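K.L.:
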Amino acid sequence: MVLGLSGELVSVVLFLVGVVIVVVSVETFIEAVAEGALALGVSGFFLTVVLAGTDLENVILGIAAAYDQLPDLALGTVFGEALFILGAAVGLAGVLVPFETDVPRNYLGLMLLAPFLFFGLALDGTLSQFDGVVLTATFVPYLAIIYTLERYTDTRYLSAEEVEIMEEEREEEAEADGEADDEWFDFDLDVDVDDFVEERVPERYEGPAFLGIAVLAALGMTVGSELAVEGAKEILTILGVTGLAFGATVMSFIASLEELFLTVEPVRRGRPHIGVGNVVGSMLFFVSANAGLIAMVHPLNTSGTVVTVHWPFFLGTMLVVAVAFYRGKVGRPTGFLLLGAYAAYWVANYVV
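Okay, here's the thing in structure tokens:
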């Protein structure tokens with residue numbers, strides 16, 4: 001008992017508090033680094049390309065779990081968050097706001113081909129530390145390809161300017177209504193770093209101030225991830241479930257809730273390409289640097305349900321999304337299909 005609370009409740013609280021700290025810290029870190037780069041005169045364009053598709057909270061939680069000898073929990077977060085974005089986020093967008101989009105074929109091809117290196121390296125039943133190095137290294141060429149496509153094509157999926165315009169429109173609409181009740185979904189936990197610094201710090205010191213906040217946010221990631229993993233250890237023991245299943249469902253679901261906003265809200269605002277860019281960039285990150293960095297910390301067991309459950313659901317759901325993007329439309333039938341696949345994935349994790 002701690003302060004009159006049962007050990008089970010303490011574990012759940014630790015887990016939830018840790019995840020929230022990680023999410024808030026990551027969002028603050030990203031904004032501080034981007035604003036700091038601009039304040040210091042560094043181009044923010046490529047920085048936006050790098051950050052738009054990466055999911056730092058997922059990899060931070062995964063690395064912490066692997067470091068604490070819970071590699072299955074870490075691997076579960078990779079598949080779980082990928083399925084959350086493909087099934088829950090894209091599916092919900094299709095159901096609530098059916099949309100049309102014109103995705104460059106180069107992006108779709110890259111998204112579909114990227115997982116096969118991960119799949120090939122995992123076929124022997126283990127993703128070794130060397131495999132992790134290889135996967136992590138491939139993320140750099142992916143970034144180079146994205147940068148080239150962004151620079152020399154008309155469609156800019158990761159345009160910082162468009163994201164900024166969308167955010168300004170959201171703020172103006174909320175101010176016009178006098179409140180934010182019209183925001184039917186808003187799970188934005190990050191701090192308004194730019195307003196905080198601009199109001200309190202002289203302009204010539206804004207760059208160092210932003211970078212200082214980024215350092216504090218990085219410390220927050222470390223503390224939050226340790227709390228979350230410690231809580232998860234006890235929860236796994238109490239519930240008697242595998243780390244792989246828990247990481248792929250509960251942990252990924254809680255850590256990924258903001259992905260609903262990042263995918264659905266741009267669609268609702270008439271800019272589906274921003275949400276699609278988040279999907280494509282995230283998939284590239286999950287199957288390269290995300291899985292790779294975790295494997296570098298601790299080798300991962302890729303046999304058993306990884307082969308029978310996680311890979312089939314991941315590849316199947318991604319194929320449905322890719323076909324929908326190729327056709328240029330995500331309607332309600334596709335949305336319900338994706339949501340059903342995500343629900344089935346949860347069931348499969350606990351019955352297979």
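Residue numbers (full-length UniProt numbering): 1 to 352. C-beta atoms are modelled at their ideal positions from N, C-alpha and C, and glycine is treated no differently. These figures come from a predicted structure and were not determined experimentally.
Taking the straight line between their C-alpha atoms, what separation do you get for I294 and T126?
P.N.:
13 Å
K.L.:
So, at 8 Å on beta carbons, what are the nonlocal neighbours of I63 in its own chain, with the 5 sequence-adjacent residues on each side left out?
P.N.:
A74, S225, L293, I294 and V297
K.L.:
Short of 6 Å in beta carbon distance, which residues of its chain neighbour A341, apart from the five on each side in sequence? Order them along the chain.
P.N.:
G87 and T317
K.L.:
Flag this pair as touching only if the segment 103-118 and the segment 244-260 have three or more C-beta atom pairs under 8 Å; answer yes or no.
P.N.:
no
K.L.:
Which of helix, strand or coil does DSSP assign to E162?
P.N.:
With a pLDDT of 49 at E162, under the threshold of 50, the modelled position of that residue is not reliable, and no figure is offered here.
K.L.:
Would you report the Cα separation of L216 and I146, rounded to the nearest angstrom?
P.N.:
When rounded, the separation of the alpha-carbon atoms in L216 and I146 is 30 Å.
K.L.:
Using DSSP with H/G/I as helix, E/B as strand and the rest coil, what is T317?
P.N.:
Note: T317 maps to helix in three-state DSSP.
K.L.:
List the whole-angstrom C-beta distance separating G91 from L338, where the pair is believed to meet the contact cut-off of C-beta under 8 Å.
P.N.:
3 Å
K.L.:
When the distance is taken between beta carbons, is F130 closer than 9 Å to S252?
P.N.:
no
K.L.:
Going by beta-carbon coordinates alone, are T136 and S288 separated by less than 9 Å?
P.N.:
yes
K.L.:
Please give the ranges of any alpha helix (DSSP H) in the UniProt domain "Sodium/calcium exchanger membrane region" (211-350), keeping only runs that are unbroken, at least 4 residues long and fully inside the region.
P.N.:
243-246, 252-255, 257-268, 272-285, 291-297 and 311-327
K.L.:
Taking the beta carbon of S282 as the centre, do at least 16 other beta carbons fall within 10 Å, making it buried, or is it exposed?
P.N.:
buried
K.L.:
According to the Cβ coordinates, are P299 and A93 closer than 9 Å?
P.N.:
no
K.L.:
On the DSSP letters alone, give me the boundaries of the alpha helix (DSSP H) that V95 sits inside.
P.N.:
V90 to L96
K.L.:
Can you tell me the Cα-Cα spacing of T57 and F285, whole angstroms?
P.N.:
Going by the sequence as given, residue 57 is Glu instead of Thr. Between E57 and F285, the alpha-carbon positions lie close to 12 Å from each other.
K.L.:
Alpha carbon to alpha carbon, what distance is there between A89 and V347?
P.N.:
18 Å
K.L.:
Is the beta carbon of L61 less than 9 Å from the beta carbon of A248?
P.N.:
no
K.L.:
Using CA coordinates, which residue listed in V321, N349 and L244 is at the minimum distance from F336?
P.N.:
V321
K.L.:
Assign L9 to one of three DSSP states: helix, strand, or coil.
P.N.:
helix
K.L.:
Cα separation between S128 and N290?
P.N.:
14 Å
K.L.:
Out of V24, L244 and G328, state which residue places its alpha-carbon closest to the alpha-carbon of T305.
P.N.:
L244
K.L.:
DSSP on L123, reduced to helix/strand/coil?
P.N.:
The three-state secondary structure of L123, taken from DSSP, is coil.
K.L.:
Which residues in the same chain as F325 place their Cβ atom closer than 7 Å to its Cβ, once the five residues preceding and following it in sequence are excluded?
P.N.:
T101, V103, L108 and V276
K.L.:
Please determine, among V20, I85, I21 and F99, the residue with the shortest C-alpha to C-alpha distance to V330.
P.N.:
F99
K.L.:
Quick test of your reading: residue 403 and V250, contact by CB under 8 Å. State the CB separation rounded to the nearest angstrom.
P.N.:
This structure does not reach residue 403, given that the chain is present from 1 up to 352, and the question cannot be answered.
K.L.:
Taking the CB atoms as reference points, tell me whether P71 and F314 lie closer together than 9 Å.
P.N.:
no
K.L.:
In the DSSP assignment, the alpha helix (DSSP H) including I60 goes from what residue to what residue?
P.N.:
L56 to Y67
K.L.:
Comparing C-alpha positions only, which one of P312, P208, V133 and V280 sits nearest to L112?
P.N.:
Of the listed residues, the one whose Cα sits closest to L112 is V280.
K.L.:
In its own chain, which residues sit with a C-beta less than 8 Å from the C-beta of V264, not counting the 5 before and 5 after it?
P.N.:
A89, L92, A93, L96, V97, F185 and G275
K.L.:
Roughly how far, in whole angstroms, is the beta-carbon of S11 from the beta-carbon of G240, given that I think they are within contact range, below 8 Å?
P.N.:
So it is not a contact: roughly 14 Å between Cβ atoms.
K.L.:
Since I78 is in the alpha helix (DSSP H), which residue starts that stretch and which ends it?
P.N.:
Reading off the sequence, residue 78 comes out as Val, not Ile. Looking at the DSSP string, the run of the alpha helix (DSSP H) that includes V78 is P71 to L83.
K.L.:
Find out if the Cβ-Cβ distance for the pair L121, V134 is shorter than 9 Å.
P.N.:
yes
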